[in-house]
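Take a look at the structure set out below.
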Amino acid sequence: MSAESCILTTKDFTILEVMRDRCLGREDPLALLLKRKLDSALVVFRDDVPANVATLSSRVNFSVNGGERDTRVISDGNMSAPVGLFLPISNPRGLALLGLIEGQEFCFTDPDRVERRVMLEQVLYQPEAVRREKEAMSGLSRPSTRKPVLRLVHSAGGAVRQPVPAGPEGFDDPGPSAA
Numbered sequence: 001m002s003a004e005s006c007i008l009t010t011k012d013f014t015i016l017e018v019m020r021d022r023c024l025g026r027e028d029p030l031a032l033l034l035k036r037k038l039d040s041a042l043v044v045f046r047d048d049v050p051a052n053v054a055t056l057s058s059r060v061n062f063s064v065n066g067g068e069r070d071t072r073v074i075s076d077g078n079m080s081a082p083v084g085l086f087l088p089i090s091n092p093r094g095l096a097l098l099g100l101i102e103g104q105e106f107c108f109t110d111p112d113r114v115e116r117r118v119m120l121e122q123v124l125y126q127p128e129a130v131r132r133e134k135e136a137m138s139g140l141s142r143p144s145t146r147k148p149v150l151r152l153v154h155s156a157g158g159a160v161r162q163p164v165p166a167g168p169e170g171f172d173d174p175g176p177s178a179a
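Each residue of the sequence shown is one higher than the one before, starting from 1 at the first, in UniProt numbering.
Structure, rendered in structure tokens:
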């Protein structure tokens, strides 16, 4: 993978496409970042995304320009509480982190024309990986060896079917209001 590439789930890719479509033009500070992310993305199903990739709702450790390590949850909206826990993808740092693999960097110029280098240090929690683990623990990911629990009923005790009376229009169905 090149330094510019990223791995996005189908859901994450779709959300970024919608964000790009809603951009206000070239003046939008996220327009160029969105284009770079979408153009370089390898799109995978949520079951196929590696556990060391930052996806939406992942809790990650990262640093900016080699500075102090920060921990945030990547979110798709502006979260108001608790303050400092979420990093929305509407923020250039959040968008830069989305789709990165542990150890990978993404460089961009912020609205103040300052070069930023965001490095994903560690994915502490990824919802897709946790989902796969839960399925593996409960046995849902492998074929079942148990017999089916359903029982096929061939008749309802020998009841005789009654013809449905037809009204003057040919069908006497009172509709959902009669229920």
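No residue lacks a Cβ here, since even glycine has one placed at the ideal position from N, Cα and C.
Beta-carbon gap between residue 20 and residue 34 smaller than 8 Å
Taking 8 Å as the Cβ cut-off, residue 20 and residue 34 qualify as a contacting pair.
Please determine if the region 122-133 and the region 42-50 are in contact, where contact requires at least 3 C-beta pairs separated by less than 8 Å.
Counting Cβ pairs under 8 Å, three or more are found: they touch.
Is the Cβ-Cβ distance between residue 8 and residue 64 less than 8 Å?
No, the pair does not count as a contact, with Cβ atoms beyond the cut-off.
Cα separation between residue 16 and residue 118?
Rounded to whole angstroms, residue 16 and residue 118 show a C-alpha spacing of 19 Å.
From 113, 85, 111, pick the residue whose C-alpha is nearest to that of residue 75; which is it?
85
Who are the Cβ neighbours of residue 13 in its own chain at under 8 Å, not counting the five residues just before and after it?
38, 41, 43
Which residues mark the beginning and the end of the beta strand (DSSP E) in which residue 92 is found?
Residue 92 -> not in any beta strand (DSSP E); alpha helix (DSSP H) instead, spanning 92-97.
Per-residue DSSP class, three states only, for residue 127
In the three-state DSSP reduction, residue 127 falls in the helix class (H, G or I).
Taking residue 5 as the reference, which of 27, 97, 22 has the closest Cα?
Here the closest residue by C-alpha is 97.
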